[in-house]
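For the sequence shown, counting from 1, position 308 maps to 318 in the working numbering; every step adds exactly one. Glycine included, C-beta positions come from ideal geometry on N, C-alpha and C. First up is the structure itself, then whatever we jot down about it.
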Amino acid sequence: MELSLLLLPVFFISSLRCNSLPQNSPQADAFIGTSLQAVAAAHPILQNQPFILVWNMPTANCPQRYNIHLDLGDFHIVENKKERFQGQKMTIFYRDHLGKYPYLSRNGKKVNGGLPQLGDLASHLSLTVTQLSDLLLPDFSGLAVIDWEEWRPLWETNFGSKVEYRRLSKLLVKQEQPDLSERAVTSLARRMFEESARKFMEETLQSAVGERPKGFWGFYGFPTCFNKNKRKTGWSNTNVERNDELSWLWTKSSALYPSIYLPQKLAGSADAALMVRHRLLEALRVASGWPYHNNTDHATPVLPYARLAFTHSLKFLSKMDLEHTLGESASLGAAGVVLWGELKFAKNKCVLLRDYVHNVLGPFVRSLRSDAERCSLQVCHGNGRCTRRHLSSGHRLSDSSKHFQKHFMCHCYQGWTGQGQCFYASSHCGWCVWGDFTFVAVLGVCSVEVVDGIDRMQLDLGEISVADPVELRSGLGGRGPRHVSLS
11 MELSLLLLPV
21 FFISSLRCNS
31 LPQNSPQADA
41 FIGTSLQAVA
51 AAHPILQNQP
61 FILVWNMPTA
71 NCPQRYNIHL
81 DLGDFHIVEN
91 KKERFQGQKM
101 TIFYRDHLGK
111 YPYLSRNGKK
121 VNGGLPQLGD
131 LASHLSLTVT
141 QLSDLLLPDF
151 SGLAVIDWEE
161 WRPLWETNFG
171 SKVEYRRLSK
181 LLVKQEQPDL
191 SERAVTSLAR
201 RMFEESARKF
211 MEETLQSAVG
221 ERPKGFWGFY
231 GFPTCFNKNK
241 RKTGWSNTNV
251 ERNDELSWLW
261 TKSSALYPSI
271 YLPQKLAGSA
281 DAALMVRHRL
291 LEALRVASGW
301 PYHNNTDHAT
311 PVLPYARLAF
321 THSLKFLSKM
331 DLEHTLGESA
341 SLGAAGVVLW
351 GELKFAKNKC
361 VLLRDYVHNV
371 LGPFVRSLRS
381 DAERCSLQVC
391 HGNGRCTRRH
401 LSSGHRLSDS
411 SKHFQKHFMC
421 HCYQGWTGQG
431 QCFYASSHCG
441 WCVWGDFTFV
451 AVLGVCSVEV
461 VDGIDRMQLD
471 LGEISVADPV
481 ELRSGLGGRG
491 PRHVSLS
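Encoded structure:
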């Protein structure tokens with residue numbers, strides 16, 4: 011039986027990647043060359059859109075109590091039913107709403123043991139499972155954020171008001187082993203604290219995923235990047251090294267939720283975009299370097315948290331500030347942004363928020379989503395997410411709507427590939443060496459076998475079964491692979 015295959019020379023599609031090839035094989039190295047191949051992008055979540063905006067603000071009282079409607083759906087902002095704060099599309103768990111999280115209250119009271127090493131992990135996990143079962147439907151597939159901000163899992167990052175966790179941890183060691191030197195006390199206290207902190211965070215995620223495996227679980231504010239000050243909006247090597255130490259957290263997180271809250275001193279400043287850019291780039295680095303469950307098929311989705319008003323202020327973000335936060339996120343290839351606000355909305359705040367949504371935020375979001383979708387369709391054939399060609403260029407989707415391909419390239423979704431344009435289903439491609447050229451067979455799933463050189467290819471055609479080998483002939487002087495077995 012004869013079957014013709016479409017063979018394309020690789021010099022026309024030099025950056026095409028076929029996922030059916032083992033990346034560490036000599037064949038793959040020869041095919042890919044020396045350039046590193048990025049991990050595929052996570053597929054769109056919640057909606058079939060490359061970039062989404064998700065509402066995580068407690069505004070249910072606005073329509074229900076005051077008859078003030080924000081009309082979020084008109085601007086394609088994802089919201090829970092009736093704008094509920096916790097629901098099936100978006101939910102967040104604060105310190106007292108999930109299990110028995112150990113922390114120190116503002117007045118110094120030890121809650122649930124106070125320190126991670128004094129917490130009751132078994133009781134915490136048992137209560138966590140019960141609470142999740144009560145709140146979330148079995149098929150929950152929304153965003154699920156755990157907001158624990160009282161302490162951080164790495165010893166050195168507990169500074170400022172959090173230094174009390176270090177002091178009490180050392181005091182605990184001294185009480186148990188009074189003969190230790192100060193250096194030994196600090197070393198042991200650090201180890202005990204970090205091991206216990208890791209267990210609480212890691213096993214909480216494992217329990218949550220076990221109960222609601224389709225949800226996108228992660229901790230708010232992670233990965234962390236301490237770069238709020240003007241002229242210090244990049245990240246340091248120390249920050250990167252610390253995030254590397256948290257690889258155990260990244261591989262257990264099915265989504266990453268870094269914070270891109272703007273302090274008012276960065277209002278209207280280009281430094282705001284730099285701050286956001288570096289935080290997102292660090293999150294995207296982590297998402298690709300340590301994907302969920304070490305799944306090398308695709309990166310973990312990144313959805314930063316943004317505020318609509320400046321921290322410690324009632325001043326809403328201007329259109330320029332929205333460009334520096336939401337626009338920057340979309341231009342760097344984030345899966346979306348979560349919009350957060352204060353917990354109490356009186357009637358006058360509802361009116362102010364409605365006007366802001368209708369006149370500033372809503373039109374901006376609608377335009378941004380449209381630009382992200384058009385870029386995906388035009389550049390990525392709808393099979394990937396646009397990201398800047400030069401990450402620090404500052405080019406925005408909104409500024410490049412007529413020149414997407416000039417300033418943006420594709421981060422293809424899992425299963426798609428092709429010269430940064432995502433036009434081949436990588437689960438249905440193969441390759442072989444044909445004389446001096448490398449070719450791609452756009453059919454079936456291939457595995458390469460070296461026989462007298464790299465010239466033999468197995469194609470799995472799924473439902474198609476072809477028993478007899480087919481010898482392919484080339485139009486280039488008869489040079490081709492000796493055998494291609496189809497089965």
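Could you tell me if residue 217 is buried or exposed, where buried requires 16 or more neighbouring beta carbons within 10 angstroms of its beta carbon? buried
Contacting residues, own chain, Cβ-Cβ under 6 Å from residue 304 (five flanking each side not counted): 261
Those residues which DSSP pairs with residue 394 across a bridge: 422
Have a look at residue 212 and residue 186 and give me their C-alpha separation to the nearest angstrom. 27 Å
Taking DSSP's pairing of strands, which residues face residue 228 in a bridge? 155
Locate the beta strand (DSSP E) running through residue 315, then write down its first and last residues. 315-317
Leaving out five residues before and five after residue 135 in sequence, what residues of the same chain have Cβ atoms less than 8 Å from its Cβ? 109, 213, 214, 217
List the residues that DSSP assigns as beta-bridge partners of residue 346. 62
Residue 264 and residue 302 look like a contact to me (Cβ under 8 Å); what is the Cβ gap, rounded to whole Å? 5 Å
If you compare alpha carbons, which of 50, 283, 66, 207 is closest to residue 258? 207
For residue 351, which residues of its own chain have a beta-carbon under 6 Å away from its beta-carbon, when the five flanking residues on both sides are left out? 67, 318
If you check the beta carbons only, do residue 334 and residue 286 fall under 8 Å apart? yes
Environment of residue 36 [buried if 16+ CB atoms lie within 10 Å]: In this predicted model, residue 36 has a pLDDT of only 36, less than 50, meaning its place in the structure is not dependable; the value taken from the coordinates is given anyway. It counts as exposed.
Determine the closest residue to residue 209 out of 196, 155, 223, 112, with distance taken between C-alpha atoms. 112
Between the alpha carbons of residue 466 and residue 432, how many angstroms are there, rounded? Confidence at residue 466 is low in this model, with a pLDDT of 35, below 50, so its placement is unreliable and the value that follows should be read with caution. Each residue's Cα considered, the two are about 26 Å apart.
Residue 434 - partner residues in DSSP beta bridges: 427
Same chain, Cβ closer than 7 Å to residue 446, neighbours up to 5 away in sequence not counted: Residue confidence for residue 446 is low, a pLDDT of 36 falling below 50, so the modelled location carries little weight; the figure read from the coordinates is stated next. Once the five neighbours on either side are set aside, residue 446 has no close Cβ partner at all.
What number of angstroms, rounded off, separates the C-alpha of residue 373 from the C-alpha of residue 365? 12 Å
Return no unless some Cβ of chain B is closer than 8 Å to the Cβ of residue 293. Chain labels in this structure do not include chain B; a single protein chain is all it has.
Counterpart residues of residue 248 in DSSP-defined beta bridges: In the DSSP output, where bridge partners are listed per residue, residue 248 has none listed.
Report the residue from 271, 275, 153, 233 whose alpha carbon sits nearest the alpha carbon of residue 255. 233
Tell me residue 100's beta-bridge partners as DSSP assigns them. 153
Looking at C-beta atoms only, is the number of pairs between the stretch 390-403 and the stretch 76-84 that lie closer than 8 Å three or more? no
In three-state DSSP terms, what is residue 51? strand
Alpha carbon to alpha carbon, how far is residue 122 from residue 403? Give it in angstroms, no decimals. 48 Å
Same chain only: Cβ atoms within 7 Å of residue 227, ignoring 5 sequence neighbours per side: 154, 215, 218, 219, 263, 264, 265
What's the gap between the Cα of residue 358 and the Cα of residue 270? 27 Å
Could you give the DSSP three-state label for residue 5: helix, strand or coil? Shown here, the chain extends from 11 to 497; a query on residue 5 therefore has no answer.
Under 8 Å: do the stretch 85-93 and the stretch 415-430 share three or more Cβ pairs, one atom per stretch? no
Look at the alpha carbon of residue 184 and the alpha carbon of residue 143, and state the distance between them as a whole number of angstroms. 41 Å
Measuring only the C-alpha atoms, how far is residue 156 from residue 320? 22 Å
How many Å lie between residue 276 and residue 54 at the Cα? 31 Å
Reducing DSSP to helix, strand and coil, say where residue 182 ends up. helix
My output table needs one value for residue 92: the three-state DSSP class, helix, strand or coil. helix
In terms of alpha-carbon separation, which member of 72, 83, 50 lies closest to residue 57? 83
Per DSSP, what are the beta-bridge partners of residue 269 in this structure? 315
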